[in-house]
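Read the structure below first, then the notes.
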Amino acid sequence: MTIETYYNFLKIVECGSILAASQELLIAQPSLSTQLKNLEKSLGATLVERGSKQLCLTPAGEIFYQKAQAICSLDTELRRELQDYLSGTAGTLRISMTPSNPADMLHTLFDRFVREHPQVHFQFQEALSGQVAENVRMGLSEIGIIRSRIRNVDDFHVLPFRSEEIMVLLSTSHPLAKYSSLTLEQIKNERIATTDMIAPMVETAFRTIHAEPRFYLKTAIRRTALFWISSYQNCIALLHCSPDEAGREQDGCRILRISDYDFSVRRSFIILRNRKLSPLGREFLRSVGAPCDFPDA
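Count the sequence shown with this note's numbering and you get residues 72 to 368, in order.
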């Protein structure tokens, strides 16, 4: 099948009928219908349910639709990068990274690169670490930036570049706010807000003092936990913080270290093994001092 087959299938699904898609694509309806039948025959699966005014995807069609979207996205990016090159620009750097990144980290990663490569364009996709890995695996992004462990880690080169402490964040009016640091014993009876990524680490830490954490709020995004402690002040938060945040007061919250446990998360670049890095990707890694001399670079 050709790349046009994927684009045409997406158009059929988006338009809801072969007739509407044929009118937008300027392809005769019988030809487009035959193309869909040939596609289903080659795959050995029915992709759409017929017999009603609105086409519906079958379970196999849902799978094919998602993969067709990824294939067409890659094709679009390829054409864009080639056009960037032909027009004299330096191309597009495609990076997936976890959300809620501290400004100091972004400055560290991009200040030098932006200064030295003013013609480069950027495409960022923000997602949780698992989806970041999937974006890199599918080729939607060339480099991923994660802050937790991922499945199938052997598929990637993992290049650690930064550690961030997990600290206690609490309202300045909280009784524990008077301390300069805290221990696990001091917070074991407190209700805790944290992220889904950090929660298992909290459980591991509390086992060292034979206690179970009292989780009050779990969320995928750090800023939701921050909102909760600053707005309702009925819990503490355990969240990853940048190196310069310890002991500070920020938006009505105190940020305190945990003094009796080595509590941190590690941020890393991930690059898919057996896929050659582009010159632009290699230049980005060099600009931040990350190694890029692995065999398939």
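In this text, a Cβ means the ideal position worked out from N, Cα and C, and glycines have one as well. Bear in mind that the values here come from a model prediction, so they are computed numbers and not experimental data.
query, result
"Name the two residues that bound the continuous alpha helix (DSSP H) containing Gly201.", "200 to 209"
"Which term fits Gly352, buried or exposed, when burial requires 16 or more other beta carbons within 10 angstroms of its beta carbon?", "buried"
"Once DSSP output is grouped into helix, strand and coil, what is the label at Cys86?", "helix"
"How big is the Cα-Cα spacing for Asp226 and Arg220?", "13 Å"
"Flag this pair as touching only if the segment 337 to 346 and the segment 286 to 294 have three or more C-beta atom pairs under 8 Å; answer yes or no.", "no"
"Thr279: buried (16+ other C-beta within 10 angstroms of its C-beta) or exposed?", "exposed"
"Please return the same chain residues whose Cβ sits closer than 7 Å to the Cβ of Arg151, not counting the five positions on each side in sequence.", "Thr163"
"Which word fits Pro101, buried or exposed, when buried means at least 16 other C-beta atoms lie within 10 angstroms of its C-beta?", "exposed"
"Can you check which of these residues, Glu316, Lys82, Glu236, is closest to Cys143 by C-alpha distance?", "Lys82"
"In terms of residues, what are the limits of the alpha helix (DSSP H) holding His178?", "174 to 187"
"Do Ile307 and His245 have their C-beta atoms closer together than 8 Å?", "yes"
"Please state if the CB of Glu197 and the CB of His311 are separated by a distance shorter than 8 Å.", "no"
"Sorted by chain position, which residues of the same chain lie with C-beta nearer than 7 Å to Arg233's C-beta, five sequence neighbours on each side aside?", "Met176, Arg338"
"For the structure I just gave you, are there three or more beta carbon pairs, one from the segment 192 to 212 and one from the segment 279 to 288, closer than 8 Å?", "no"
"Give the DSSP-derived three-state secondary structure of Ala308 in the structure shown.", "strand"
"In three-state terms, what does DSSP make of Leu253?", "strand"
"Got a sec, what are the start and stop residues for the beta strand (DSSP E) Gly215 sits in?", "214 to 217"
"Who pairs with Leu101 in a beta bridge, going by DSSP?", "Per the sequence shown, the amino acid found at residue 101 is Pro instead of Leu. None, per the DSSP bridge assignment."
"Just mark Tyr250 as buried or exposed, buried being the case when its beta carbon has 16 or more other beta carbons within 10 Å.", "exposed"
"Does chain D have any CB closer than 8 Å to the CB of Leu253?", "Among the chains in the structure shown there is no chain D, since it carries only a single protein chain."
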